[in-house]
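Student: Following this message is one structure expressed as structure tokens.
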Amino acid sequence: MDIEEKHKNYLKLLNKNEKFSDEILDKLLENCSKALSSHTEVYDISSLSQDDTTEIKQLYASLLYVFAQFVRNSQSSEEFSNFLLTECDIEKDRAQLLEKYYEESYNSIRMQLLNIGNYLPHITDVRWKIDYMVKSSTWDQSEGPIFRVSLKTEKFDSTLKGPKIEFIEFSCTGQELQDLVYKLKDAVRHCQKLANNHNH
Amino acid sequence: MLISLRNDHKEHLQLLTAQPEQVVADFCKLASDFLENGPTAKLFSTAASKLDVTVDVIENCIYGLINLLLIACKHQLSEADFRDSVLTLGFSENQETLLSKFYDTKKSLIHKINTKGLTGPHYHDLQWRFEVQLASRSMLQQVTPLITMDLALKTGSEISHQILQTDPTNLLHLANELEHALNQSRSRHSRKVQRALGNLQI
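Residue numbers (UniProt numbering), protein chains in the order written: chain A, 1 to 200; chain B, 1 to 202.
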């Protein structure tokens, strides 16, 4: 994994203790982990300092970049701090602070990155009801039970910028539902077998 | 039970009661052709010129015959009930034999059409495969289990495919919920209601 020189240079700004107090750095790091794990920023970057905020923005951008890159490559926090110490010459206590934030936000950033991509509609829930047909306009005989199934699916929608929920509705007879349940159970069994084999 | 027809329906069928058996048999054939291939103007006009009536009369008679069939099927008339109903309409016994035969051969076809009536998408088939996502652009190393499914739904005679996916936890939930539905349909409550509704004569 290669990190561009420009990012390394911006990270070296961390050594500028007089410009980046611990307080500012804490806020930057908190923002960074929140932005990557839940798309929210707690603080307004440009209001962190009275002076020119160019350097703050440069540092912030590089922090976002290296955090995302290291998580994307599944790097441990030791590897992260190693990179900061040897390749960017960051002071030890500053590197430790970054390492702490990296370790804490690793899993949530990872989850976020895992969710990025093209996915098919994902089934998250199911609703069902049982009907019994008593009479219809073309058929005097009663019939049933008939199962009305509604699958709740979620898919990321780019215009909504969030998950779009859709329901897939269908009906089936008892025999058909039996067939469906049998197939689903078969798939569940398969997953469980794989999980058990893995544990042993 | 005897079925009662609307007056105009009866009038349309009156044409046949006065005809010899051969004509009734021909009309059964015409109606049967109509059921399978839709209306054929040419056959109607030939019949009209033979009997010296307008095409409309022939058409109404064919429709009337088919409607008689639909009503009989809707009420699931037994052979005896059908015979009695036809005789009350003024058909002779020989004509009735022909119509009964016609009813008997078309019963299953009409039944098939009737039950197709009001139906939305219906479960047809499900295929699944178990996948593990190993990498993606945003996450280079991962092991994400996914179950991809092809749900085939049938609407009328058309089959549509829905490609869906889920994770093992939701799959388990889905399987358990649907099994629950299945068990619920066999519960004492469900069977009691079904029995009561099944015995109901409406």
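Here a beta-carbon is modelled for each residue, glycine too, at the ideal position from N, C-alpha and C.
(1) Going by C-alpha distance, which of B:Asn-60, B:Ser-85, B:Ile-58 is nearest Ile-71 (chain B)?
(2) Given a cut-off of 7 Å on the beta-carbon distance, is the pair Val-126 (chain A) and Glu-177 (chain B) in contact?
(3) Any residues in the region 67–78 of chain A with a beta carbon nearer than 9 Å to a beta carbon of chain E? Which ones, in chain order?
(4) Please name the residue, chosen from B:Gly-38, B:Val-23, B:Leu-153, B:Leu-65, that lies closest to Asp-8 (chain B) on a Cα-to-Cα basis.
(5) Please list, in chain order, the chain B residues whose beta carbon lies closer than 7 Å to that of Gln-50 (chain A).
(6) Just the C-alpha distance for Glu-166 (chain A) and Ser-157 (chain B), rounded to the nearest angstrom, thanks.
(7) Taking CB distances under 7 Å as the criterion, tell me whether Glu-79 (chain B) reaches chain A.
(8) Starting from Thr-159 (chain A), find everything on chain B with Cβ-Cβ shorter than 9 Å and list it in chain order.
(9) Who are the neighbours of Gly-117 (chain A) on chain B, taking C-beta pairs under 9 Å?
(10) What's the gap between the Cα of Leu-64 (chain A) and the Cα of Cys-32 (chain A)?
(11) In chain B, which residues lie with their C-beta within 9 Å of the C-beta of Gly-174 (chain A)?
(12) By the three-class DSSP mapping on this structure, what secondary structure does Gln-14 (chain B) have?
(13) Could you pull the start and end residues of the alpha helix (DSSP H) that Met-111 (chain A) belongs to?
(14) So, is Lys-92 (chain A) buried or exposed, given that buried needs 16 or more other C-beta atoms within 10 angstroms?
(15) From this set, A:Val-149, A:Ser-137, A:Lys-16, A:Ala-95, which residue's C-alpha is nearest Phe-67 (chain A)'s C-alpha?
(16) Report, in whole angstroms, the separation of the C-beta atoms of Ser-37 (chain A) and Ile-109 (chain A), which I expect to be a contact under 8 Å.
(17) Can you pull the chain B neighbours of residue 226 (chain A), defined as C-beta to C-beta under 9 Å?
(18) Tell me whether the region 133–148 of chain A and the region 89–98 of chain B touch, counting them as touching only if at least three CB pairs, one residue from each stretch, are closer than 8 Å.
(19) Quick one: what does DSSP say Asp-22 (chain A) is sitting in, helix, strand or coil?
(20) Could you tell me which residues DSSP pairs with Val-57 (chain B) in its beta bridges?
(21) Residues in its own chain within less than 7 Å of Lys-34 (chain A) by CB, not counting five upstream and five downstream?
(22) Taking the CB atoms as reference points, tell me whether Tyr-102 (chain A) and Leu-59 (chain A) lie closer together than 7 Å.
(23) Roughly how many angstroms separate the alpha carbons of Leu-172 (chain B) and Ser-77 (chain A), rounded to a whole number?
(24) If we define contact as Cβ-Cβ less than 7 Å, is Ile-165 (chain A) a contact residue for chain B?
(25) Check for me: the alpha helix (DSSP H) holding Gln-142 (chain B) runs from which residue to which?
(26) So, does the region 175–194 of chain A touch the region 152–161 of chain A, judging by three or more C-beta pairs under 8 Å?
(27) Does DSSP put Cys-172 (chain A) in a helix, in a strand, or in coil?
(28) From the DSSP output, which residues share a beta bridge with Asp-131 (chain A)?
(29) If we ignore side chains and look at the alpha-carbon of each, how far apart do Tyr-63 (chain B) and Met-133 (chain A) end up?
(30) Please tell me whether His-190 (chain A) has its Cβ less than 7 Å away from any Cβ of chain B.
(31) With His-161 (chain B) and Phe-170 (chain A) assumed to form a contact (beta carbons below 8 Å), what rounded beta-carbon distance in angstroms separates them?
(32) Just the chain A side, please: which residues come within less than 8 Å of Glu-93 (chain B) by C-beta, in chain order?
Tutor: In terms of the structure at hand:
(1) Ile-71 (chain B) has its Cα closest to that of B:Ser-85, out of B:Asn-60, B:Ser-85, B:Ile-58.
(2) yes
(3) Included in the structure are the protein chains A and B, with no chain E among them.
(4) B:Leu-65
(5) Within 7 Å Cβ-Cβ: nothing; Gln-50 (chain A) doesn't reach chain B, min ~37 Å.
(6) 24 Å
(7) Chain A contact via Cβ: absent.
(8) Near Thr-159 (chain A) there are no residues of chain B at all, since even the closest Cβ is about 21 Å away, more than 9 Å.
(9) Gln-133, Ser-136, Arg-137, Ser-138, Met-139
(10) One alpha carbon belongs to Leu-64 (chain A), the other to Cys-32 (chain A), and they sit about 6 Å apart.
(11) Leu-182, Ser-185, Arg-186
(12) In the structure shown, Gln-14 (chain B) sits in a helix (DSSP, three-state: H, G or I).
(13) 92–114
(14) exposed
(15) A:Ala-95
(16) 5 Å
(17) Examination of residue 226 (chain A) is not possible in this model, given that chain A is present from 1 through 200 alone.
(18) no
(19) helix
(20) Val-57 (chain B) pairs with nothing; no bridge assigned.
(21) Apart from sequence neighbours up to five positions away, the residues of its chain that approach Lys-34 (chain A) with a beta-carbon distance below 7 Å are Thr-40, Glu-41, Val-42, ordered along the chain.
(22) no
(23) Cα to Cα, Leu-172 (chain B) sits roughly 35 Å from Ser-77 (chain A).
(24) Ile-165 (chain A) does not count as touching chain B.
(25) Segment: none, Gln-142 (chain B) is in no alpha helix (DSSP H) and carries neither H nor E.
(26) Because the criterion of three Cβ pairs below 8 Å is not met, the region 175–194 of chain A and the region 152–161 of chain A do not touch.
(27) Correct three-state label for Cys-172 (chain A): strand.
(28) DSSP output for Asp-131 (chain A) lists A:Ile-146 as bridge partner(s).
(29) 29 Å
(30) yes
(31) Actually they do not touch by this definition, with Cβ atoms about 12 Å apart.
(32) Neighbours of Glu-93 (chain B) on chain A: none; closest Cβ ~27 Å, over 8 Å.
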